[in-house]
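Peer 1: Counting in the UniProt record's numbering, the sequence shown runs from 1 upward without gaps.
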Amino acid sequence: MNAERTDLETRAKRHAALGEPARLAIVERLVLSDASPTELGRELGLASNLLAHHLGLLEQAGLITRARSESDHRRNYVRLVPEALSALVPAGMREAQRVVFVCTANSARSPLAEALWSRRSSIPTASAGTEPAERVHPGTVKAARRHGLSLAGTRTRHLDQVIRPGDLVVAVCDHAHEHAGPRNGPWLHWAVPDPAPAGTDAAFDAAVEELTDRIDRLVPAIQPVRIDEGVEHDGDLPPR
Numbered sequence: 001m002n003a004e005r006t007d008l009e010t011r012a013k014r015h016a017a018l019g020e021p022a023r024l025a026i027v028e029r030l031v032l033s034d035a036s037p038t039e040l041g042r043e044l045g046l047a048s049n050l051l052a053h054h055l056g057l058l059e060q061a062g063l064i065t066r067a068r069s070e071s072d073h074r075r076n077y078v079r080l081v082p083e084a085l086s087a088l089v090p091a092g093m094r095e096a097q098r099v100v101f102v103c104t105a106n107s108a109r110s111p112l113a114e115a116l117w118s119r120r121s122s123i124p125t126a127s128a129g130t131e132p133a134e135r136v137h138p139g140t141v142k143a144a145r146r147h148g149l150s151l152a153g154t155r156t157r158h159l160d161q162v163i164r165p166g167d168l169v170v171a172v173c174d175h176a177h178e179h180a181g182p183r184n185g186p187w188l189h190w191a192v193p194d195p196a197p198a199g200t201d202a203a204f205d206a207a208v209e210e211l212t213d214r215i216d217r218l219v220p221a222i223q224p225v226r227i228d229e230g231v232e233h234d235g236d237l238p239p240r
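Laid out in C-alpha cells, this is it:
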C-alpha cells in the first residue's frame, strides 16, 4: 500500500509539473531532441531565471535530467526521462526523405544508429561524421554482431558528402551538434555518450540500448516526404 501511495504521489507531481504551459512546452520540445538551456530559452522565449525555475521543478518531478557536454564541459544538456512520461506528451509528426545520423568520427554511434533505424523503419537512412575516422571502430562491429545488426557496406564519410535536401539530421553526439549544426533543414540532437574511449562491450551495449530507445520514440513520429512537395529526388540531385 505504501508503494502504491508513493507511486500515486509521484505521478501527481509529474502531472502538476506539466500543468504549467511553459513547462509543458519545455517537455514537448525535448520529446525528440535534447537541448541546452540556452537553446530552450531562445526557442521558447524564456528568460534565464524563469527557465531555471521551470527546469528545477521538472527535475524535481523526475521528468528531466541534465548532463555535461562531452565536447564542451561548460555546457550542459537537458534531456527527458522517457519512462517518466508514460506517453503523456505527443511527439508530433515530422516528414523526411531520409534520416541521417551524425557523430564525430562516424565510427561508433552514428553507424549503430543507422543500422538500428534500418531495422525499424522503411524510410532510407545514412550516417556521417564531422571528423570521420579511417574505419568503423572494432567495438562497433562486435556490438552490431551481438545485437543482430547489419553493417554491410558501412564506411565512414564526412557529413558534407552525405547530407542533402529533404534529410532529417540527428546529431548523436555533443561535439557534432556544437560544431556542425543546426544546418538548414530539420536537425535533432541526442546526447549519447561515446563508447569508443572506454572501448568495452558494456560501453557499446549501453550506446546500442540508448539509441534503440531513442529510435523507438522517433520512428512513429517520422513519415516519408510526399513526392509532390518539391523535395529533390535522388536522380535530380547535383553531383557530390
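Ideal placement from N, C-alpha and C gives every residue a C-beta, glycine not left out.
Excluding five sequence neighbours on each side, which residues of the same chain lie with their C-beta closer than 7 Å to the C-beta of H158?
Peer 2: So the list reads A128, G129 and P132, once near-sequence residues are dropped.
Peer 1: Quick one: what does DSSP say I215 is sitting in, helix, strand or coil?
Peer 2: I215 falls in the helix class under three-state DSSP.
Peer 1: Taking C-beta to C-beta, are D194 and R109 nearer than 8 Å?
Peer 2: Yes, the pair counts as a contact, with Cβ atoms nearer than the cut-off.
Peer 1: Which class does S121 belong to by DSSP, given the choice of helix, strand or coil?
Peer 2: Coil.
Peer 1: Does the Cβ-Cβ distance between D34 and W187 come in under 8 Å?
Peer 2: No, the pair does not count as a contact, with Cβ atoms beyond the cut-off.
Peer 1: Rounding to the nearest angstrom, what Cα-Cα distance links A52 and P124 in this structure?
Peer 2: Rounded to whole angstroms, A52 to P124 spans 39 Å at the Cα level.
Peer 1: Thinking just about the alpha-carbon of each residue, which of T6, A67, L50 and A180 is nearest to the one in I26?
Peer 2: Here the closest residue by C-alpha is L50.
Peer 1: Determine the direct distance from the alpha carbon of A206 to that of E43, and round the result to whole angstroms.
Peer 2: C-alpha separation (whole angstroms): 31 Å.
Peer 1: Please classify R145 as buried or exposed, where buried requires at least 16 other C-beta atoms within 10 Å of its C-beta.
Peer 2: R145 should be labelled exposed.
Peer 1: Under 7 Å Cβ to Cβ from A61, same chain only, skipping five residues before and after it: list those, please.
Peer 2: These residues qualify, in order along the chain: K13, R14 and A17.
Peer 1: Please name the residue in S36, L30 and P111 whose C-alpha comes closest to that of H177.
Peer 2: If we check each option's Cα against that of H177, S36 comes out closest.
Peer 1: Is it the case that the segment 215-229 contacts the segment 91-105, given that we only count it when at least three CB pairs across the two stretches are under 8 Å?
Peer 2: They touch, by the three-pair rule.
Peer 1: Would you grab the beta carbon distance between A105 and E114 for me? Rounded to a whole angstrom, and I think it's under 8 Å.
Peer 2: So it is not a contact: roughly 14 Å between Cβ atoms.
Peer 1: Short check: CB of V208 to CB of L112, under 8 Å?
Peer 2: Yes, Cβ-Cβ distance for V208 and L112 is below 8 Å.
Peer 1: Strictly by DSSP, which residues pair up with N76?
Peer 2: In DSSP, N76 forms a bridge with R68.
Peer 1: Below 8 Å on the Cβ atoms is my guess for V78 versus L55; work out the distance and round it to an integer in Å.
Peer 2: That pair is a contact at about 6 Å.
Peer 1: Could you have a look at D167 and say whether DSSP puts it in helix, strand or coil?
Peer 2: If DSSP states are grouped into helix, strand and coil, D167 belongs with the strands.
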